[in-house]
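*Asks:* Would you mind keeping the following structure in view while I ask a few things?
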Amino acid sequence: MKNKKVLFLTQAAMIAAIYVVLTIIFRPFSFGEIQVRIAEALTILPVFTPAAIPGLFIGCLIGNLLGGSVLWDVIFGSFATLIGALFTYLLRNRSKYLAPLPPILANTVIVPFVLYYAYGVNLPIPLMMLTVGIGEVISCGVLGMIVYTGLRKSRLFQ
Numbered sequence: 106m107k108n109k110k111v112l113f114l115t116q117a118a119m120i121a122a123i124y125v126v127l128t129i130i131f132r133p134f135s136f137g138e139i140q141v142r143i144a145e146a147l148t149i150l151p152v153f154t155p156a157a158i159p160g161l162f163i164g165c166l167i168g169n170l171l172g173g174s175v176l177w178d179v180i181f182g183s184f185a186t187l188i189g190a191l192f193t194y195l196l197r198n199r200s201k202y203l204a205p206l207p208p209i210l211a212n213t214v215i216v217p218f219v220l221y222y223a224y225g226v227n228l229p230i231p232l233m234m235l236t237v238g239i240g241e242v243i244s245c246g247v248l249g250m251i252v253y254t255g256l257r258k259s260r261l262f263q
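Heads up: the sequence shown at position 72 corresponds to 177 in the numbering used here, and the numbers run straight through without jumps.
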């Protein structure tokens, strides 16, 4: 039992750390109304381990804090990632193509409101849903499925 807890905490911490590093390294396009947050490719990980749920949430929270986000972005942006991770975990036994949908949808719906109300971005919310959604499709859908394929072939989580 103790080893499972240690493994869970270690996986969550590593996922959080990788998320933070990717967010900060790719900072120029991790934030804003047109963004492709490379770290969001990790939102596929709840398919492999439930430790990814807190790992992604904490990683997003810290990444947003270190990236200079306002409080509302730290809260609601991290919440969007948490929702995406939770629902990805719930869909883990369904088609692999459904796995990236929860984080894409959560961020597409939540982030534009954060941009509009917290940052005062004066663009129509539907337009920002489109731009954020496209970025999420690239990061979660395309890059996330590359991560999925690599991990599935490696059998790292089996």
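Each residue gets a CB set at the ideal place from its N, CA and C atoms; glycine is no exception. Everything numeric in this text was worked out from a predicted model, so none of it was measured.
When you compare the stretch 207 to 214 with the stretch 109 to 117, are there three or more beta-carbon pairs, one atom per stretch, that lie closer than 8 angstroms?
*Replies:* No: fewer than three Cβ pairs fall under 8 angstroms.
*Asks:* Measure the C-alpha to C-alpha separation of R132 and T254 and round it to an integer number of angstroms.
*Replies:* Position 27 of the sequence shown, counted from the start, is the residue given in the question as residue 132. Position 149 of the sequence shown, counted from the start, is the residue given in the question as residue 254. If I take the Cα positions, the gap works out to 26 angstroms.
*Asks:* Can you grab the Cα-Cα spacing for the pair Y202 / L235, in whole Å?
*Replies:* For the purposes of this step, residue 202 is taken as residue 97 along the sequence shown, with counting starting at 1. For the purposes of this step, residue 235 is taken as residue 130 along the sequence shown, with counting starting at 1. Going by the C-alpha atoms only, they are around 20 angstroms apart.
*Asks:* Rounded to whole angstroms, what's the CA-CA distance from V252 to L147? Just pull it up for me.
*Replies:* Taking the sequence shown and counting its residues from 1, the one referred to as residue 252 is at position 147. Taking the sequence shown and counting its residues from 1, the one referred to as residue 147 is at position 42. If I take the Cα positions, the gap works out to 7 angstroms.
*Asks:* Between which two residues does the alpha helix (DSSP H) harbouring V214 extend?
*Replies:* Reading the sequence shown from its first residue, position 109 is the one you call residue 214. Element bounds for V214: L206 to A223.
*Asks:* Would you grab the beta carbon distance between A223 and V175 for me? Rounded to a whole angstrom, and I think it's under 8 angstroms.
*Replies:* The residue you call residue 223 lines up with position 118 of the sequence shown. The residue you call residue 175 lines up with position 70 of the sequence shown. Their Cβ separation, rounded to whole angstroms, is 5 angstroms, which keeps A223 and V175 in contact under 8 angstroms.
*Asks:* I'd like the list of long-range same chain contacts for F218, defined as Cβ closer than 8 angstroms, with 5 residues on each side in sequence excluded.
*Replies:* Position 113 of the sequence shown, counted from the first residue, corresponds to residue 218. So the list reads F181 and I230, once near-sequence residues are dropped.
*Asks:* Going by alpha carbons, who is nearest to L187 out of F162, Y194, G173 and N169?
*Replies:* Residue numbering aside, residue 187 sits at position 82 when the sequence shown is read from its first letter. Of F162, Y194, G173 and N169, the residue nearest in Cα terms is F162.
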